[in-house]
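Novice: What follows is a structure written as structure tokens; I'll ask about it next.
In my numbering, the protein residues as written are 1 to 213.
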């Protein structure tokens, strides 16, 4: 659909709808973590589930490269000023059609894991421990092995300038990859640990993984 809403997601899930991976479609937004799990598990093959963080990270390389990537991954949808702007898709903002960034893919030919939409992983956490004791975005300097709240102080080394947001204590879902407007903070190591599993919104989507035969 070109007009995803939370109500549409609820209607699809309760009527047995499921997620399918198809090129050239509007990505499914306005979905919370619970609904994302259901959308994967209701696939008619019975073999799909919401990707775990381990599965997600294993496939999140860019053309086979995982570490020491450029800070700005211009092959992916990370800049809302230059990327897609679907004015006929209220709520989809600047999300691009799936697979439209042909070089934003892994060696396993998985597309759009960096940018475009945040993607729910299958974990929930109850405690986050911010490096400096406060809820904020943090970035790692791989030379000093220290976190900083200023991304200009992070180097462009092993983890690029990918950011991690540490939220308040409580049950939190794990979001990965960054959205269409996250710029240098987006990437394979970008994570958001501040939303409850019930949270939803126009830049939030998900990805299913398949169990082996």
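Every residue, glycine too, gets a C-beta built ideally from N, C-alpha and C.
Among the candidates 195, 210 and 111, whose CA atom is the shortest distance from the CA of residue 24?
Specialist: Position 24 of the chain shown holds residue 24. Closest by alpha carbon: 111.
Novice: Kindly indicate the opening and closing residues of the alpha helix (DSSP H) around residue 14.
Specialist: Along the chain shown, read from residue 1 onward, the residue named residue 14 stands at position 14. Element bounds for residue 14: 6-14.
Novice: When burial is assigned at 16 or more other CB atoms within 10 Å of the CB, is residue 178 buried or exposed?
Specialist: The residue labelled residue 178 in the question sits at position 178 within the chain shown. It counts as buried.
Novice: Does the contact criterion of 3 or more C-beta pairs under 8 angstroms hold for the stretch 46-55 versus the stretch 127-146?
Specialist: No: fewer than three Cβ pairs fall under 8 angstroms.
Novice: Give me, in chain order, the residues of the same chain whose beta-carbon lies closer than 8 angstroms to that of residue 138; leave out the 5 immediate sequence neighbours on both sides.
Specialist: Position 138 of the chain shown, counted from the first residue, corresponds to residue 138. So the list reads 130, 131, 132, 147, 148, 149, 163, 164, 165 and 166, once near-sequence residues are dropped.
Novice: So what's residue 146 in DSSP terms, helix, strand or just coil?
Specialist: Working through the chain shown from its first residue, we reach residue 146 at position 146. Of the three classes helix, strand and coil, the one that applies to residue 146 here is strand, per DSSP.
Novice: Skipping 5 residues on each side, what residues in its chain have a beta carbon closer than 6 angstroms to that of residue 116?
Specialist: In the chain shown, residue 116 corresponds to position 116, counting from 1. Result list for residue 116: 77, 95, 96 and 180, in chain order.
Novice: For residue 243, is the classification buried or exposed, using 16 other Cβ atoms within 10 angstroms of its Cβ as the cut-off for buried?
Specialist: With the chain represented from 1 up to 213, any question about residue 243 goes unanswered, as that position is not in the structure.
Novice: Would you report the Cα separation of residue 20 and residue 173, rounded to the nearest angstrom?
Specialist: On the chain shown, residue 20 is found 20 positions in, with the first residue counted as 1. On the chain shown, residue 173 is found 173 positions in, with the first residue counted as 1. Straight-line Cα distance between these residues: approximately 22 angstroms.
Novice: Grouping DSSP H, G and I as helix and E and B as strand, with all else coil, what is residue 42?
Specialist: The residue labelled residue 42 in the question sits at position 42 within the chain shown. DSSP places residue 42 in coil when its eight states are reduced to three.
Novice: Going by C-alpha to C-alpha distance, which of 28, 38, 194 and 212 sits closest to residue 5?
Specialist: The sequence position of residue 5 within the chain shown is 5, counting from 1. The residue with the shortest Cα to Cα distance from residue 5 is 28.
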